[in-house]
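Sequences listed follow chains A and B, in order. Mapped onto our numbering, the consecutive letters of the first sequence carry residue numbers 1 to 207. Mapped onto our numbering, the consecutive letters of the second sequence carry residue numbers 208 to 414.
2 protein chains.
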Amino acid sequence: MTTHAPETARTRLLDAAVRVIREKGYHATSVDELCAAAGVTKGAFFHHFKSKEDLGVAAADHWSTATGGLFAGAPYHAPDDPFDRVMGYLDFRAALIRGTTAEFTCLVGTMAQETFLTNPPIRDACFDSIAGHAETLEADLAALIRGSTAERITAKSLALHTQVVLQGAFILAKAKDDPSIAGDSIEHLRRYFRLLFDAHKPRENTP
Amino acid sequence: MTTHAPETARTRLLDAAVRVIREKGYHATSVDELCAAAGVTKGAFFHHFKSKEDLGVAAADHWSTATGGLFAGAPYHAPDDPFDRVMGYLDFRAALIRGTTAEFTCLVGTMAQETFLTNPPIRDACFDSIAGHAETLEADLAALIRGSTAERITAKSLALHTQVVLQGAFILAKAKDDPSIAGDSIEHLRRYFRLLFDAHKPRENTP
DNA sequence: TGACACATACCAACCGGTTGGTATGTGATG
DNA sequence: CATCACATACCAACCGGTTGGTATGTGTCA
Numbered sequence: 001m002t003t004h005a006p007e008t009a010r011t012r013l014l015d016a017a018v019r020v021i022r023e024k025g026y027h028a029t030s031v032d033e034l035c036a037a038a039g040v041t042k043g044a045f046f047h048h049f050k051s052k053e054d055l056g057v058a059a060a061d062h063w064s065t066a067t068g069g070l071f072a073g074a075p076y077h078a079p080d081d082p083f084d085r086v087m088g089y090l091d092f093r094a095a096l097i098r099g100t101t102a103e104f105t106c107l108v109g110t111m112a113q114e115t116f117l118t119n120p121p122i123r124d125a126c127f128d129s130i131a132g133h134a135e136t137l138e139a140d141l142a143a144l145i146r147g148s149t150a151e152r153i154t155a156k157s158l159a160l161h162t163q164v165v166l167q168g169a170f171i172l173a174k175a176k177d178d179p180s181i182a183g184d185s186i187e188h189l190r191r192y193f194r195l196l197f198d199a200h201k202p203r204e205n206t207p
Numbered sequence: 208m209t210t211h212a213p214e215t216a217r218t219r220l221l222d223a224a225v226r227v228i229r230e231k232g233y234h235a236t237s238v239d240e241l242c243a244a245a246g247v248t249k250g251a252f253f254h255h256f257k258s259k260e261d262l263g264v265a266a267a268d269h270w271s272t273a274t275g276g277l278f279a280g281a282p283y284h285a286p287d288d289p290f291d292r293v294m295g296y297l298d299f300r301a302a303l304i305r306g307t308t309a310e311f312t313c314l315v316g317t318m319a320q321e322t323f324l325t326n327p328p329i330r331d332a333c334f335d336s337i338a339g340h341a342e343t344l345e346a347d348l349a350a351l352i353r354g355s356t357a358e359r360i361t362a363k364s365l366a367l368h369t370q371v372v373l374q375g376a377f378i379l380a381k382a383k384d385d386p387s388i389a390g391d392s393i394e395h396l397r398r399y400f401r402l403l404f405d406a407h408k409p410r411e412n413t414p
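Following this line, the structure appears as structure tokens:
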């Protein structure tokens, strides 16, 4: 599916939307501003998107595609043990926290909060993005839950909880203007997983 | 400094701001809309607040005061055991999740995300509100950490993590348009606390 | 091959309505 | 009569969206 990106006005607008909306939010970003950031005119904008809301939905989908590729190609899938894969995922998320706050936080978490009542189509696209990403964790989490003492937990619930922690961590990082607070919460989530799933394993032993 | 709360245009505007901004967000809410919701004129608005940003800061402070009273007067402080008080706090938070999403979510979490780059004064007021609330948990958490196997955790970090989970839960609840997802994450946080602090106590409950 | 019909991609100028904010009153209270 | 608390009237800038238009394909059929 990796066709060559034709660097058209549409993709330039979507890339600009991800960048600017993560900085300023959806409602604080004007169409004119987006056009200036993308280096296109307003006519081009409304040629490709029938409204600003339509662009919001497309930006959420664009985000899903981009992040989907990033996580699918990440090295944390390599280990044989699902526990190591899940911990590797959290390591990977922690390693992504660098640069300015706007650079590492989540577009769809930001937009969902702003649009949940004003623009339901955008909200739905945002939830699809978050839930779709959470689903990539479910198989490993299900394997961990099986054969642990925590069999009443569902993999889906736990996968969504990881996203809850990440989204909440981004909010606090923005509010405090300090990325380190996000790493702290990921560490708490790592500890939760260790307490849930690592107790039964003799990890010091070598086979 | 107003000890008594006269039903003045200022308080009506602040109450309206909490209500409307939780629904639509800060940037999507106009001054005219706020005035209409409060039943006052624009002249009254700019008599009490020198700008919309100034109202945002005042609304965050207003929120801190209102929620501060709510939590200070809540019954979860009664138990002698700090573990029971912390779990009571989470029960209380879970019980507050009812009605529409806009009714139970957090004003300052919403505003912080929107204003962290565009309106730093609002962002700072929002973080003060969250951090101030988190501090009310620190003494009990410090008591739990003392005399547990988790002595490397700081009470401050754990208190902020509770707010991370709650803020993240609100985002997912908005995105999914389903409050129950927030309760699920609070349950995960309860389980984390049980695993961390309840092991030494004779409790029959397993995860 | 060339000419016609049509589609896509984009542009500059413009529109009516809304925005945050201001300037100037006015009635009540002390 | 001075101050406060609010109301009325208004503004320039900006908002999302539309307009009429151009330049460049692209498929079709004689």
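Ideal placement from N, C-alpha and C gives every residue a C-beta, glycine not left out.
Selected residue, minimal CA-CA separation from residue i, among the options
i, options, result
"residue 11 of chain A", "A:26, A:62, A:57, A:198", "A:62"
"residue 117 of chain A", "A:53, A:41, A:43", "A:53"
"residue 320 of chain B", "A:16, A:17, A:14, A:28", "A:28"
"residue 415 of chain B", "B:347, B:333, B:332", "Because chain B spans 208 through 414 in this model, residue 415 of chain B falls outside it and cannot be assessed."
"residue 383 of chain B", "A:194, A:196, A:115, A:138", "A:115"
"residue 181 of chain A", "B:333, B:370, B:214, B:357", "B:370"
"residue 82 of chain A", "A:48, A:146, A:186", "A:146"
Through-space distance from residue j to residue i, alpha-carbon basis
i, j, result
"residue 414 of chain B", "residue 156 of chain A", "With a pLDDT of 44 at residue 414 of chain B, under the threshold of 50, the modelled position of this residue cannot be trusted; read the value that follows with caution. Going from the Cα of residue 414 of chain B to the Cα of residue 156 of chain A covers about 17 Å."
"residue 230 of chain B", "residue 123 of chain A", "13 Å"
"residue 205 of chain A", "residue 397 of chain B", "The predicted position of residue 205 of chain A is uncertain, since its pLDDT is 36 and thus under 50; a value taken from the coordinates is nonetheless stated next. Taking the straight line from one Cα to the other gives about 31 Å."
"residue 38 of chain A", "residue 64 of chain A", "20 Å"
"residue 326 of chain B", "residue 257 of chain B", "15 Å"
"residue 161 of chain A", "residue 153 of chain A", "11 Å"
"residue 292 of chain B", "residue 282 of chain B", "9 Å"
"residue 405 of chain B", "residue 351 of chain B", "9 Å"
"residue 58 of chain A", "residue 17 of chain A", "10 Å"
"residue 159 of chain A", "residue 138 of chain A", "6 Å"
"residue 284 of chain B", "residue 296 of chain B", "8 Å"
"residue 391 of chain B", "residue 373 of chain B", "11 Å"
"residue 355 of chain B", "residue 402 of chain B", "11 Å"
"residue 216 of chain B", "residue 239 of chain B", "14 Å"
"residue 221 of chain B", "residue 111 of chain A", "25 Å"
"residue 262 of chain B", "residue 142 of chain A", "48 Å"
Continuous alpha helix (DSSP H) stretch holding residue i: start and end
i, result
"residue 352 of chain B", "327 to 352"
"residue 33 of chain A", "31 to 38"
"residue 89 of chain A", "82 to 95"
"residue 107 of chain A", "107 to 115"
Helix, strand or coil at residue i [DSSP, three-state]
i, result
"residue 396 of chain B", "helix"
"residue 233 of chain B", "coil"
"residue 375 of chain B", "helix"
"residue 385 of chain B", "coil"
"residue 153 of chain A", "coil"
"residue 203 of chain A", "In this predicted model, residue 203 of chain A has a pLDDT of only 43, less than 50, meaning its place in the structure is not dependable; the value taken from the coordinates is given anyway. Residue state, collapsed to three classes: coil."
"residue 214 of chain B", "coil"
"residue 194 of chain A", "helix"
"residue 307 of chain B", "coil"
"residue 51 of chain A", "coil"
"residue 56 of chain A", "helix"
"residue 78 of chain A", "coil"
Cβ-heavy atom distance, residue i to the ligand COA, below 7 Å
i, result
"residue 98 of chain A", "The ligand content of the structure shown is nil, which means the ligand COA is not present either."
Any 3 or more C-beta pairs closer than 8 Å across the region 103 to 116 of chain A and the region 164 to 174 of chain A: yes
Cβ pair count under 8 Å reaching 3, the region 68 to 77 of chain A against the region 131 to 138 of chain A: yes
Stretch-stretch touch, CB-based, cutoff 8 Å, three pairs: the region 388 to 402 of chain B with the region 285 to 305 of chain B: yes
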